[in-house]
Amino acid sequence: MSTSTTWKERLAGKIPADMAEEIDAFETQIHLRKQGKMEEKLFAETRLRRGAYGQRYDNGQRFDGTQTQQLLFPEHETKGPDTFWHAPGMMRIKIPFGGLTAAQMEVLADLAEEYSEEILHITTRQDFQIHFIHIEDTPDLMRRLSAVGITTREACGNSVRNVTACPLSGVCRTETFDVTPYAQAIMSFLLGHPDCQDFGRKFKIAFSGCEHEACGLANMHDMGGVGMVKTVDGVEKRGFKLYVGGGLGAVPHQAQLFNEFVPVEELLPISQAIARVFARLGEKKNRNRARIKFLIAKLGIEEFRRLVHEERAILPEDPQWTAFLDDLTVTDEEQLKPGQPLNGAETSEGFAEWYRTNVYQQRQAGYVVATVALPLGDITSHQLRALADISRRFVKETTRTTVEQNMVLRWVSETDLPQLYDELLALGLAETGAGTIVDITACPGTDTCKLGIASSRGLATELRKQLGEQSAKLDEAIEGLRIKISGCFNSCGQHHAADIGFYGNSRKINGITVPHFQVVLGGQWKENAGSFGLATGAVPSKNIPEVVSRLAKRFVEEREKDELFKDFIGRLGKREIKAMLEDLTQVPSYEENSWYYRDWGDTRGFTMDDLGKGECAGEVVSIGIMEIAAAEREVFEASVALDENELQAAWQGALNAMLRAARTLVKEQFYDVPEEADVVVAEFRTRFYDTELFSPKFANYLFSAHQDPASEFEQTQVHRFIEEAQLFIEGAYTCYYKIAAPLEGAKA
Amino acid sequence: MGLMQELQRINIKMYLEDPEALSAEEAFRVFNSWIPTTPDEVLIDVADYSHVPEGPVTLLVGHEANYSLDNDHAEPGLLYSRKRPAEGDLSARLSSALQAVIKACQRLESEPSLDGKVKFRGGDILLVANDRLNATNDEEGENALRAELEPVLAKLFAGASFAIERDTTSQLRLNLRVRCDTNANAATLLSNLAA
Ligand code: SF4
Chain A
821 MSTSTTWKER LAGKIPADMA EEIDAFETQI HLRKQGKMEE KLFAETRLRR GAYGQRYDNG
881 QRFDGTQTQQ LLFPEHETKG PDTFWHAPGM MRIKIPFGGL TAAQMEVLAD LAEEYSEEIL
941 HITTRQDFQI HFIHIEDTPD LMRRLSAVGI TTREACGNSV RNVTACPLSG VCRTETFDVT
1001 PYAQAIMSFL LGHPDCQDFG RKFKIAFSGC EHEACGLANM HDMGGVGMVK TVDGVEKRGF
1061 KLYVGGGLGA VPHQAQLFNE FVPVEELLPI SQAIARVFAR LGEKKNRNRA RIKFLIAKLG
1121 IEEFRRLVHE ERAILPEDPQ WTAFLDDLTV TDEEQLKPGQ PLNGAETSEG FAEWYRTNVY
1181 QQRQAGYVVA TVALPLGDIT SHQLRALADI SRRFVKETTR TTVEQNMVLR WVSETDLPQL
1241 YDELLALGLA ETGAGTIVDI TACPGTDTCK LGIASSRGLA TELRKQLGEQ SAKLDEAIEG
1301 LRIKISGCFN SCGQHHAADI GFYGNSRKIN GITVPHFQVV LGGQWKENAG SFGLATGAVP
1361 SKNIPEVVSR LAKRFVEERE KDELFKDFIG RLGKREIKAM LEDLTQVPSY EENSWYYRDW
1421 GDTRGFTMDD LGKGECAGEV VSIGIMEIAA AEREVFEASV ALDENELQAA WQGALNAMLR
1481 AARTLVKEQF YDVPEEADVV VAEFRTRFYD TELFSPKFAN YLFSAHQDPA SEFEQTQVHR
1541 FIEEAQLFIE GAYTCYYKIA APLEGAKA
Chain B
2 MGLMQELQRI NIKMYLEDPE ALSAEEAFRV FNSWIPTTPD EVLIDVADYS HVPEGPVTLL
62 VGHEANYSLD NDHAEPGLLY SRKRPAEGDL SARLSSALQA VIKACQRLES EPSLDGKVKF
122 RGGDILLVAN DRLNATNDEE GENALRAELE PVLAKLFAGA SFAIERDTTS QLRLNLRVRC
182 DTNANAATLL SNLAA
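Protein sequences, first through last, are from chains A and B.
The working numbering numbers the first residue of the first sequence as 821 and each following residue consecutively.
The working numbering numbers the first residue of the second sequence as 2 and each following residue consecutively.
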């Protein structure tokens, strides 16, 4: 039996000294905040930088299906603005490039049991998340992780987040070289680096071994590196095609090419210089424009590049820049067994299908990568512990998490697959369909995220169930499509980069709020998230499975030979797609079918608070809502014009749509507002922006476009502007519901 | 022995008589209804994990403790997990954790919308010391915990004999499965404990 009374004592000497000191300091900060001796905003940033995040309902309010209730947390200290001390939170745990040892998996499993609810969640950035954690438990949790070489430092907050990389790096058949040691090097170099402590927003880095597969997603990161080799003076040199300023978020930005070839010796210093320029010139006050993509858009890529090179030239030499190059084998993996092909041994039922969808042939003969597909990215502590054991017996602990929220076992001797399958099956870990249409990615959404609007996980579960039932009959063309779902426009589910993407929003029907999802089509997962989709229309949550089914059917029936889904969508045209889905946008009245008024996976009414008002409002649809819906149609027309390459018309259409929605809101307070754009914008600013009735982030889209209209039109810029207009419309709906609800009630 | 006294995180599970009696959806609905109607503890949220096999199918998250329809080892039951420190010595804390889980079982058994189909086995209890620091899954840990638990169980089962078994797998938390040949219902067990 142990004799230590604390984890700090028990793990003394097993945690790197600097980490131990930092965790102790954080523990002290917890006490200081608890005693009111540390300012709440400062404490919030401090804990975020250590990976301790807020969760839904931490403002102490929850809708119980009848009314919004105050949760009776015992005391009223806060751990951030509007965040109750006692509200359990989420812990994000960084796993650089997704690489895990068996001991690390076991500790993660232990922590999920002792501090959480025995569930671990894998994120789209290869992190782990554990939910419902008490803030007082976080220092011990960090100590236990640190003792096995894992940190939560800078997992959240305005910092360099987890560095991701293709989960196949090192064994991939199409990679240029293994990017793992470079991902590892940049992660250690930038972790806690003084030049990375003063960012206005987070900074995400990803590495990919090749340009044409999706795994690294270099195009949708603040900085993305794609492995390249170049022959210089007859010598082959390694480097990275470096991209900057990519990102999804509310309005996606394709990354811009920073340099065709950054030699590996320059990777760290250039990254440091980029960090310095971002810290010095990036926006600090307005969070919504603080990602590096906005700085690059403002400066232009040439000027940004010039500034980075200028900064690079004056950086004091640091031996760390190249020290890692002396031993690039640090992240190399070893095989446990000789690689041998399947030997014709008898296999269990289901093996063939699992083998078809979940097994990847490594470039090293006889070895394969086996994917453990995890519905919604969730795994129990028991499963993870058992997987740790498997990773010791079948491979040499060569396990990684993936950006598709799965885990992979690398270096499996092919001959072992039947036995591996049987063991995974016994653990409930032999789900088939990895990387196919049933392998749906979803962000936490309304389950745990404070910003979630609709249930992305609920919808993903339903789609997985429905598609899974048909999986044996799915056409090959459909099977390879990707579905990705976000609970709101913020895009943590990466919906922009999916063939079929959805993000949560809501609409009011007769005064009652109905969960909806915006349908986003035309994105591309391949080629490192090669293109981003555009919104096509909002459909009630409960009709989304039918949307998928219609799109799939049409694609199978009308696809031209080898046509990509994104090209098919382009050929069909938005107008046709809208017409095809039109009937699905209709919502029956609550009395006719109340099922539409609940979200997937939730037995509560979506917002029963509104039910009373809805009943009073009867069938009345206000003129305001009709006007905002008309503005939404204008955004749609703009996206059609974009498809037809009428860029100026598309841009103008999107601006007109925003003006129309803004005027609709102004009319609620100033009925005779003239139509002149200047007046509408000025009135809108005073009445809705200054009063914070309207999202300032979305309002700025209108202000910038009105103040500084585009004179030249470029495809990606217009694409982005249409996205902004769509978000402005979402903001208009939300604001209208806020200001007009009492009036609607009064009308009845 | 000293360290066992520090044990605060106590998990107790009671098993459903009919494993099919409570669906994830029913548990989700009922747990939601408990949040605003449970004045003596802070209940916060309900999470659905029915997509994960043999896990916490439906979780009712609380401030002091969580409750879940738990399906570990494909044996569904109601799991109570105490998270925050409770009052009293270990024996008092074990007793209050037992009381909390039995009360919750009783509440489910009498939930009108479940039509009386949910019943728990009164004589089958799993206790997990959810704290690897203070309670190790070895003989010494078992003895220390049994010393505290047995008098509480003697009270709970009103002197009826019971058997205790431990799964000795080293990576597991210290766990004791208690079996007693009794058909006492929740009300009886609660009154035994209070006696
Ligand atoms: S997309 Fe929205 S709902 Fe989903 S995790 Fe991000 S912020 Fe939350």
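A virtual CB, placed ideally from N, CA and C, is assigned to each residue, including glycine.
Here the structure is a predicted model, which means the values were calculated and not measured.
(request) Evaluate LEU1475 (chain A) with the Cβ neighbour count: other Cβ atoms within 10 Å of its Cβ, from every protein chain shown; 16 or more gives buried, anything less gives exposed. (result) Counting from one through the first sequence, the residue named residue 1475 (chain A) turns up at place 655. LEU1475 (chain A) comes out buried.
(request) Determine the direct distance from the alpha carbon of ILE1121 (chain A) to that of THR984 (chain A), and round the result to whole angstroms. (result) The residue you call residue 984 (chain A) lines up with position 164 of the first sequence. The residue you call residue 1121 (chain A) lines up with position 301 of the first sequence. Computed Cα separation, rounded: 24 Å.
(request) Could you tell me which chain A residues have their CB closer than 8 Å to the CB of ARG10 (chain B), listed as they occur along the chain? (result) For this step, residue 10 (chain B) is matched to residue 9 along the second sequence. What ARG10 (chain B) touches in chain A: GLU934.
(message) Here's the rule: buried if 16 or more other CB atoms are within 10 angstroms of the residue's CB, otherwise exposed. What is ARG1284 (chain A)?
(response) For the purposes of this step, residue 1284 (chain A) is taken as the residue at position 464 of the first sequence. So ARG1284 (chain A) ends up on the buried side.
(message) Ignoring anything shorter than 4 residues, give me the alpha helix (DSSP H) runs that lie fully in the stretch 1178 to 1221 of chain A, in order along the chain.
(response) Look at the stretch 1178 to 1221 of chain A and you find these whole runs of alpha helix (DSSP H), each 4 residues long or longer: 1201 to 1213.
(request) Pick helix, strand or coil for GLY1300 (chain A), following the three-state DSSP scheme. (result) For the purposes of this step, residue 1300 (chain A) is identified with residue 480 of the first sequence, where counting begins at 1. Residue state, collapsed to three classes: coil.
(message) Does the CB of GLU14 (chain B) have a neighbour CB from chain A at under 9 Å?
(response) The residue you call residue 14 (chain B) lines up with position 13 of the second sequence. Residue 14 (chain B) is actually Lys in this sequence, not Glu. Cβ-Cβ to chain A under 9 Å: no for LYS14 (chain B).
(request) Indicate whether at least one CB of chain B lies closer than 9 Å to the CB of HIS906 (chain A). (result) Reading the first sequence from its first residue, position 86 is the one you call residue 906 (chain A). Taking Cβ atoms only, chain B reaches closer than 9 Å to HIS906 (chain A), which makes this a yes.
(request) May I ask whether a heavy atom of the ligand SF4 can be found less than 8 Å away from the beta carbon of GLY1324 (chain A)? (result) Walking along the first sequence from the start, residue 1324 (chain A) turns up at place 504. Indeed, a heavy atom of the ligand SF4 lies less than 8 Å from the Cβ.
(request) Could you tell me the distance, in whole angstroms, from the CA atom of GLY871 (chain A) to the CA atom of LYS1487 (chain A)? (result) Looking up residue 871 (chain A) in the first sequence gives position 51. Looking up residue 1487 (chain A) in the first sequence gives position 667. Looking at the two C-alpha atoms, the distance is approximately 45 Å.
(request) Identify whether CYS106 (chain B) lies in helix, strand or coil by the three-state DSSP scheme. (result) The residue you call residue 106 (chain B) lines up with position 105 of the second sequence. In the displayed model, CYS106 (chain B) falls within a helix according to three-state DSSP.
(request) Give every residue of the same chain whose Cβ lies closer than 6 Å to the Cβ of LEU1467 (chain A), excluding the five residues on either side of it in the sequence, and list them in chain order. (result) The sequence position of residue 1467 (chain A) within the first sequence is 647, counting from 1. So the qualifying residues of the chain are PHE1533, VAL1538.
(message) Let's see if you can read the secondary structure: which residues bound the beta strand (DSSP E) around ASN176 (chain B)?
(response) Locating residue 176 (chain B) in the second sequence gives position 175, counting from the first residue. Its beta strand (DSSP E) spans residues 175 to 181.
(request) Just mark ASN176 (chain B) as buried or exposed, buried being the case when its beta carbon has 16 or more other beta carbons within 10 Å. (result) Numbered from 1 along the second sequence, position 175 holds the residue referred to as residue 176 (chain B). Burial state of ASN176 (chain B) is buried, judged by a 10 Å Cβ sphere holding 16 or more other Cβ atoms.
(request) Have a look at GLU1585 (chain A) and ILE953 (chain A) and give me their C-alpha separation to the nearest angstrom. (result) Coverage of chain A is limited to positions 821 through 1568, which leaves residue 1585 (chain A) absent and any answer about it impossible.
(message) Please return the same chain residues whose Cβ sits closer than 8 Å to the Cβ of GLY142 (chain B), not counting the five positions on each side in sequence.
(response) On the second sequence, residue 142 (chain B) is found 141 positions in, with the first residue counted as 1. These residues qualify, in order along the chain: MET5, ALA130, ALA136, LEU175.
(request) In the DSSP assignment, find the unbroken alpha helix (DSSP H) run with PHE1078 (chain A) in it and report its ends. (result) Walking along the first sequence from the start, residue 1078 (chain A) turns up at place 258. No alpha helix (DSSP H) holds PHE1078 (chain A); the beta strand (DSSP E) holding it covers 1076 to 1083.
(message) Can you tell me where the beta strand (DSSP E) holding MET15 (chain B) begins and where it ends?
(response) As a working note, residue 15 (chain B) is residue 14 in the second sequence. First-last of the beta strand (DSSP E) with MET15 (chain B): 11 to 17.
(message) Tell me whether THR137 (chain B), by its Cβ, gets closer than 8 Å to a heavy atom of the ligand SF4.
(response) Here the question's residue 137 (chain B) lines up with position 136 in the second sequence. No - the ligand SF4 has no heavy atom lying nearer than 8 Å to the Cβ of THR137 (chain B).
(request) Could you work out which residues of chain A lie near ARG30 (chain B), taking near to mean beta carbons separated by less than 7 Å? (result) In the second sequence, residue 30 (chain B) corresponds to position 29, counting from 1. In chain order: THR1423.
(message) Give the list of continuous beta strand (DSSP E) stretches no shorter than 3 residues that lie fully inside the stretch 1064 to 1124 of chain A.
(response) 1076 to 1083
(message) Cutting at 7 Å between CB atoms, please list the residues of its own chain near HIS1315 (chain A), excluding the five before and the five after it.
(response) Against the first sequence, residue 1315 (chain A) aligns to sequence position 495. Excluding residues within five positions, the ones whose Cβ falls inside 7 Å are LYS1304, ILE1305, SER1306, GLY1321, PHE1322, TYR1323, VAL1340.
(request) Identify the continuous beta strand (DSSP E) that holds HIS941 (chain A) and give its terminal residues. (result) As a first step, residue 941 (chain A) must be located in the first sequence, where it is residue number 121. Per DSSP, HIS941 (chain A) belongs to the beta strand (DSSP E) from 939 to 942.
(request) Could you name the residues of the same chain whose beta carbon sits closer than 8 Å to that of PHE846 (chain A), not counting the 5 residues immediately before and after it, in chain order? (result) As a first step, residue 846 (chain A) must be located in the first sequence, where it is residue number 26. Answer for PHE846 (chain A): THR866, ARG867, ARG870, THR958, PRO959, MET962, listed in chain order.
(message) Taking the beta strand (DSSP E) that ASP46 (chain B) belongs to, which residues open and close that run?
(response) Within the second sequence, the letter at position 45 stands for residue 46 (chain B). Per DSSP, ASP46 (chain B) belongs to the beta strand (DSSP E) from 44 to 49.
(request) Return yes when the Cβ of GLU1457 (chain A) is within less than 9 Å of the Cβ of ILE1549 (chain A), no when it is not. (result) Here the question's residue 1549 (chain A) lines up with position 729 in the first sequence. Here the question's residue 1457 (chain A) lines up with position 637 in the first sequence. Not in contact: ILE1549 (chain A) and GLU1457 (chain A) (Cβ atoms no closer than 9 Å).
(message) Could you tell me the alpha carbon to alpha carbon distance between LEU150 (chain B) and ARG122 (chain B), rounded to whole angstroms?
(response) In the second sequence, counting from the first residue as 1, residue 150 (chain B) sits at position 149. In the second sequence, counting from the first residue as 1, residue 122 (chain B) sits at position 121. Taking the straight line from one Cα to the other gives about 19 Å.
(request) Step through the CB atoms of chain A and report whether any lies within less than 9 Å of the CB of ASN186 (chain B). (result) Mapped onto the second sequence, residue 186 (chain B) falls at position 185. False, the Cβ-Cβ gap to chain A never drops below 9 Å.
(request) Please go through the same chain and pick out, in chain order, the residues whose beta-carbon is closer than 6 Å to the beta-carbon of ALA1470 (chain A), but skip the five residues on each side of it. (result) Counting from 1 along the first sequence, the entry for residue 1470 (chain A) is found at position 650. Around ALA1470 (chain A): ALA1458, ALA1461, LEU1462, VAL1538.
(message) According to DSSP, is GLU1137 (chain A) part of a helix, a strand, or is it coil?
(response) Locating residue 1137 (chain A) in the first sequence gives position 317, where the first residue counts as 1. Coil at GLU1137 (chain A), not helix or strand.
(message) I need the straight-line Cα distance from GLN1472 (chain A) to ALA1185 (chain A), nearest angstrom please.
(response) On the first sequence, residue 1472 (chain A) is found 652 positions in, with the first residue counted as 1. On the first sequence, residue 1185 (chain A) is found 365 positions in, with the first residue counted as 1. One C-alpha to the other measures close to 57 Å.
(message) Output needed in chain order: residues of the stretch 1256 to 1285 of chain A with a Cβ under 7 Å from some Cβ in chain B.
(response) ASP1267, THR1281
(message) I want to see whether chain A comes within less than 9 Å of ASN193 (chain B), judged by CB atoms only; does it?
(response) Position 192 of the second sequence, counted from the first residue, corresponds to residue 193 (chain B). Answer no: the Cβ-Cβ gap between ASN193 (chain B) and chain A never drops below 9 Å.
(request) Return the bridge partner residues of LYS1328 (chain A) from the DSSP annotation. (result) Sequence index remark: in the first sequence, residue 1328 (chain A) carries index 508 (1-based). In DSSP, LYS1328 (chain A) forms a bridge with A:THR1333.
(request) Let me know the secondary structure DSSP gives GLU55 (chain B) once reduced to three states. (result) Your numbering for residue 55 (chain B) matches position 54 in the second sequence. In this structure, GLU55 (chain B) counts as coil in the three-state DSSP scheme.
(request) Quick one: list the residues of chain A neighbouring VAL58 (chain B), beta-carbon separation under 7 Å, in chain order. (result) By 1-based counting over the second sequence, the position of residue 58 (chain B) is 57. None at all; the shortest Cβ gap to chain A is about 11 Å.
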